[in-house]
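Here the structure is laid out as structure tokens; the discussion comes afterwards.
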Amino acid sequence: MTRNRPSLPRGFASFLLAVCVAVGTSVAATTPADAQLRQLRRAIQKNVQLAVERQRLRLRVENSAGPIEALALGPDGQYMVSVSGDGRPRLWDLQQGREIRRQDRLSATAAAVAFASDGRRFAIVETNGALSLWSTDQAGALGRAALSGPAPTALALSPDGAAAIVGHADGSATLLTLSNFSIARSFPGNGATATNVDVGTTGQFILIGTADGTVRVVEASSGAVVRSASVTDAALTDARFGIDETEFYTADNTGGVARWRVDSDIVGTRFAGASRGIAGLAVEPTGAAVAAVEAEKNLLIWDTASPGKPLIIEAHAGRIEGVSFDADPNRVITFGDDGVTRIWNRKDGSLIIQLISTEHGWAVVDKDGRFDGNSRALSNLAWVGETLELPIDNFTDNLYEPDLLEKKRLGVGQLLAPGVPNWDEGILPPPTATVDLPPQMKLDALTEIDVPVTVTDEGGGINGFFLFHNTKLVSPDRIVSQDEDESSKGLKTITATYRLRPIAGQNLFHSNAVSSESILGATNLVAVDVQAPPREPVLHVLTVAINDYLDPQLKLNYALPDARGIQQIMEAEYGQIFGEVRLIEVFDDKATRRGMQQALANLENTAPEDVVVIYYAGHGEATDEDFYFVTYEFELPLSNNRLERRALSAGSMKDYIEKIGARRVIMLIDACKSGTAVAGFQDQMDRRVIRKLGQSVGLHIVSATAKEQFAVEHEELGHGVFTYALIEAMAGKADTDPRDGNLTVREIVHYSEDEVPALSQKYAQYQHWPLIYSRGLDFTLGKVASQ
Numbered sequence: 005m006t007r008n009r010p011s012l013p014r015g016f017a018s019f020l021l022a023v024c025v026a027v028g029t030s031v032a033a034t035t036p037a038d039a040q041l042r043q044l045r046r047a048i049q050k051n052v053q054l055a056v057e058r059q060r061l062r063l064r065v066e067n068s069a070g071p072i073e074a075l076a077l078g079p080d081g082q083y084m085v086s087v088s089g090d091g092r093p094r095l096w097d098l099q100q101g102r103e104i105r106r107q108d109r110l111s112a113t114a115a116a117v118a119f120a121s122d123g124r125r126f127a128i129v130e131t132n133g134a135l136s137l138w139s140t141d142q143a144g145a146l147g148r149a150a151l152s153g154p155a156p157t158a159l160a161l162s163p164d165g166a167a168a169i170v171g172h173a174d175g176s177a178t179l180l181t182l183s184n185f186s187i188a189r190s191f192p193g194n195g196a197t198a199t200n201v202d203v204g205t206t207g208q209f210i211l212i213g214t215a216d217g218t219v220r221v222v223e224a225s226s227g228a229v230v231r232s233a234s235v236t237d238a239a240l241t242d243a244r245f246g247i248d249e250t251e252f253y254t255a256d257n258t259g260g261v262a263r264w265r266v267d268s269d270i271v272g273t274r275f276a277g278a279s280r281g282i283a284g285l286a287v288e289p290t291g292a293a294v295a296a297v298e299a300e301k302n303l304l305i306w307d308t309a310s311p312g313k314p315l316i317i318e319a320h321a322g323r324i325e326g327v328s329f330d331a332d333p334n335r336v337i338t339f340g341d342d343g344v345t346r347i348w349n350r351k352d353g354s355l356i357i358q359l360i361s362t363e364h365g366w367a368v369v370d371k372d373g374r375f376d377g378n379s380r381a382l383s384n385l386a387w388v389g390e391t392l393e394l395p396i397d398n399f400t401d402n403l404y405e406p407d408l409l410e411k412k413r414l415g416v417g418q419l420l421a422p423g424v425p426n427w428d429e430g431i432l433p434p435p436t437a438t439v440d441l442p443p444q445m446k447l448d449a450l451t452e453i454d455v456p457v458t459v460t461d462e463g464g465g466i467n468g469f470f471l472f473h474n475t476k477l478v479s480p481d482r483i484v485s486q487d488e489d490e491s492s493k494g495l496k497t498i499t500a501t502y503r504l505r506p507i508a509g510q511n512l513f514h515s516n517a518v519s520s521e522s523i524l525g526a527t528n529l530v531a532v533d534v535q536a537p538p539r540e541p542v543l544h545v546l547t548v549a550i551n552d553y554l555d556p557q558l559k560l561n562y563a564l565p566d567a568r569g570i571q572q573i574m575e576a577e578y579g580q581i582f583g584e585v586r587l588i589e590v591f592d593d594k595a596t597r598r599g600m601q602q603a604l605a606n607l608e609n610t611a612p613e614d615v616v617v618i619y620y621a622g623h624g625e626a627t628d629e630d631f632y633f634v635t636y637e638f639e640l641p642l643s644n645n646r647l648e649r650r651a652l653s654a655g656s657m658k659d660y661i662e663k664i665g666a667r668r669v670i671m672l673i674d675a676c677k678s679g680t681a682v683a684g685f686q687d688q689m690d691r692r693v694i695r696k697l698g699q700s701v702g703l704h705i706v707s708a709t710a711k712e713q714f715a716v717e718h719e720e721l722g723h724g725v726f727t728y729a730l731i732e733a734m735a736g737k738a739d740t741d742p743r744d745g746n747l748t749v750r751e752i753v754h755y756s757e758d759e760v761p762a763l764s765q766k767y768a769q770y771q772h773w774p775l776i777y778s779r780g781l782d783f784t785l786g787k788v789a790s791q
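Heads up: the sequence shown is residues 5 to 791, going by my numbering.
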């Protein structure tokens, strides 16, 4: 027997189910059944009255590197090169899951990029005739040449990577020996633009497709034309060999896609289904599938064994520039004018991951909103809804996923981020939080003031709220009063008053609140100018370093020299900015759990104007819940229980840091593994927990812990690579953006982010990337001599 039931609004049914489950589990143990029912009905009635609607979000990217002009993937799928509108080639290591190098700008627009079969060398040809050869192992080109004649339009490399074939605007092609960039052979043109050149699997034959609809197959060694055929009356847009040199595929600007045999004028197969002109074509390495992208919007994939209706995917909002199969042919890659590279599941058309390049960084985002990337790129990403605009950083708790590209593209590893329920349907509006202060205040002395914060439920619930003073979290201990109210619609309002001391001059107060879905709401920022007698700031430098652990198996060589190096540069260089530099050192057997806690507790009474630098050099380990600073008394073997009892967790560190009086705090972590736990899971937890620590407290944080790598130490440098880069930065080399003699925290952070990979590659033959979280208030830390 069935009954008709009223339909629920989109997304509400799932929300209602969540309410039912939450209410049922929270009251079942202590509430009688009739009370449970009444509570459930009230919860349902409240949300019906509110008519809460989930807001669907779209990703917005600011400071994008621009449209992707050219892209190539190495045959083994490890490396990918893209050239964006800013003219800078970017090298991605898809196995390590990140962009690993940005080269200097090219001299002109990139016409094409191509990889050699070894997957370690690639070439770029520019529209002005510049041809360059590169290696994935080093910065800078291996060699360059300037080609004369008509503008280059296409590029391919021979299977052995020894030669390059360049197509030109007049339909001609040039075969060059890459060892010396000499011209080995020229192939005459037909006056029509070469839309593509390709080399067969043996290297014996070259295919040249031209815009007039002609395809020529020529012998590489002699230049003899094996086949010349007019394959379409429309404008040819792409042509390439199939699985070998006996067949080729073509595409044109009317949507025609076809397969041909080299020895026949009769078309082998026509692939129907495109409604627009084709911009790019790709053939699956075994010949089982062919993919094409329309000039606008759609990716089409056909099964060559039964080429009926294609799988059609709306891949990009605007123009699509190209397509290729990944090393695993079940993945298809597209790129276009929106500046985003997307990887798709060939079987069901689902989005696997999208890769984003900004002017100074990289990010990856999956279809469920999870994200990874460096600090500069992530600061340029936001989720935008009908009435919402939230930085991607506000979703850290739910969606920050270290090694996301590797996990989603290769299907390996455990996802750590819980995600947002019903992400595809949108999110419940998070609460708002506002600060009510006048824009100017006049004080006879720097005394404490009351800062009121009002938090309002917008339908997504209230699961906490925060106040930041000059981007540093104000401890909840500073709340002197708190009241709650509820509107007739059941929306809660919380009013809390914090008592704190401002600084003379500009004070920035911002507040936000977190929803029941653990999403941080929009930031409300209030600037207050306080007129009061100024106080000279003090720089507090807390250095914790352990070379000689109680357990000799944990011994390190450079922790103490690293810490002393940081002390010396700060004491020598930064006294001109600060009234005093106070050094606090906790070394070796003093760096017990209690010793570290006491040193941190002593910073509680620092003044708001002060700056605190916390530097830790020693071992660091992660569990499935937290990151731990390994203290002096810790002994192997490693276990979660031992870490909890004998090490200092990031959670405990947060409690101490949020009570620090100084509004400007920098934390530098040079932590390596003990050698007993270097699995990817622990390293990912390192980054996830440390990033959340930086976000929750509002500080600049730089950590040398990284995926499956030890913090590099090298005898020639006399320091660990990370600390060496920091010392170089603090000595003035970071004064670059702008080069004005003022050394800011953000300049130091960004210098370290760029230099540590280069130094570790030079001295340890692998790249090591620090974790950066830098959303705190930027400020001048020191002065450097004019350069």
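Backbone N, C-alpha and C fix where the C-beta goes; we use that ideal spot for every residue, glycine too.
Quick check on DSSP: helix, strand or coil for residue i?
i    : result
H364 : coil
T6   : Low confidence applies here, because T6 scores a pLDDT of 33, under 50, leaving its location unreliable; read the following figure in that light. The answer is coil: DSSP assigns T6 none of H, G, I, E or B.
W773 : coil
G227 : coil
D267 : coil
G377 : strand
T29  : For T29, the predicted model reports a pLDDT of 28, less than 50, meaning its position is unreliable; a value from the coordinates is still stated below. Note: T29 maps to helix in three-state DSSP.
I661 : helix
V725 : helix
T680 : Here T680 scores only 39 on pLDDT, less than 50, and its place in the model should not be relied on; the value that follows carries that caveat. Of the three classes helix, strand and coil, the one that applies to T680 here is coil, per DSSP.
A319 : strand
Q59  : strand
E390 : coil
V749 : helix
H335 : Per the sequence presented here, residue 335 reads as Arg, with His not at that position. Strand.
E298 : strand
Is it the case that the CB of residue i approaches a heavy atom of the ligand COA more closely than 8 angstroms?
i    : result
L403 : In the structure shown, the ligand COA is absent, as is every other ligand, since no ligand is present at all.
Quick check: what's the CA-CA separation for residue i versus residue j?
i    : j    : result
R62  : E363 : 21 angstroms
N645 : R598 : 17 angstroms
G430 : F252 : 45 angstroms
E594 : Y636 : The sequence given here places Lys at residue 594; Glu does not occur at that position. Those two C-alpha atoms are separated by around 8 angstroms.
L432 : N67  : 28 angstroms
A74  : A134 : 15 angstroms
G702 : P314 : 50 angstroms
A681 : R695 : Caution is warranted here: a pLDDT of 36 is assigned to A681, below 50, making its placement in the model unreliable, and no coordinate value can be reported.
V788 : M734 : 9 angstroms
R42  : D487 : Legend: pLDDT at R42 = 47, less than 50; position of this residue unreliable, value from coordinates given subsequently. R42 and D487: Cα-Cα distance of roughly 26 angstroms.
V87  : I673 : 34 angstroms
T290 : P333 : 9 angstroms
F633 : A611 : 26 angstroms
Determine the extent of the beta strand (DSSP E) in which residue i is found, giving its start and end residues.
i    : result
D202 : A198 to V203
V65  : R62 to V65
V530 : N528 to Q535
P93  : P93 to D97
L146 : First-last for L146: undefined, no H or E at that position.
L408 : Where L408 is concerned, there is no enclosing beta strand (DSSP E), although the alpha helix (DSSP H) it sits in stretches over L408 to L414.
Which first and last residues belong to the alpha helix (DSSP H) in which residue i is found?
i    : result
Y253 : From DSSP, Y253 is part of no alpha helix (DSSP H) but of the beta strand (DSSP E) over E251 to D256.
N551 : No alpha helix (DSSP H) contains N551, which DSSP labels as neither H nor E.
N402 : T400 to L403
Using 9 angstroms as the limit for Cβ to Cβ distance, is residue i near chain B?
i    : result
A168 : Considering every chain present, this structure includes no chain B. It has just one protein chain.
query: Along the chain, which unbroken stretches of the alpha helix (DSSP H) at least 4 residues long are found entirely within the stretch 448-526?
result: none
message: Tell me whether the stretch 115-128 and the stretch 141-158 touch, counting them as touching only if at least three CB pairs, one residue from each stretch, are closer than 8 angstroms.
response: yes
- request: Assess, as a yes-or-no matter, whether the stretch 744-760 is touched by the stretch 776-789 under the definition of 3 or more beta carbon pairs within less than 8 angstroms.
  value: yes
- prompt: Which whole runs of the alpha helix (DSSP H) in the stretch 565-646 are 4 residues long or more, in chain order?
  reply: 597-605
task: Check whether the stretch 543-559 touches the stretch 578-595, taking contact to mean three or more Cβ pairs, one atom from each stretch, closer than 8 angstroms.
output: yes
query: Do three or more CB pairs link the stretch 238-249 to the stretch 200-214 at distances below 8 angstroms?
result: yes
query: In chain order, which continuous runs of the beta strand (DSSP E) of length 3 or greater are located wholly inside the stretch 74-136?
result: 83-88, 93-97, 102-106, 114-119 and 125-130
query: Given 8 angstroms as the limit, is there contact between the stretch 416-430 and the stretch 474-489, that is, 3 or more CB pairs closer than that?
result: no
- prompt: Can we say the stretch 517-530 touches the stretch 389-408, given the rule of at least three CB pairs closer than 8 angstroms?
  reply: yes
- request: Indicate whether the contact test is met: 3 or more Cβ pairs, each with one atom in the stretch 105-124 and one in the stretch 161-171, closer than 8 angstroms.
  value: yes
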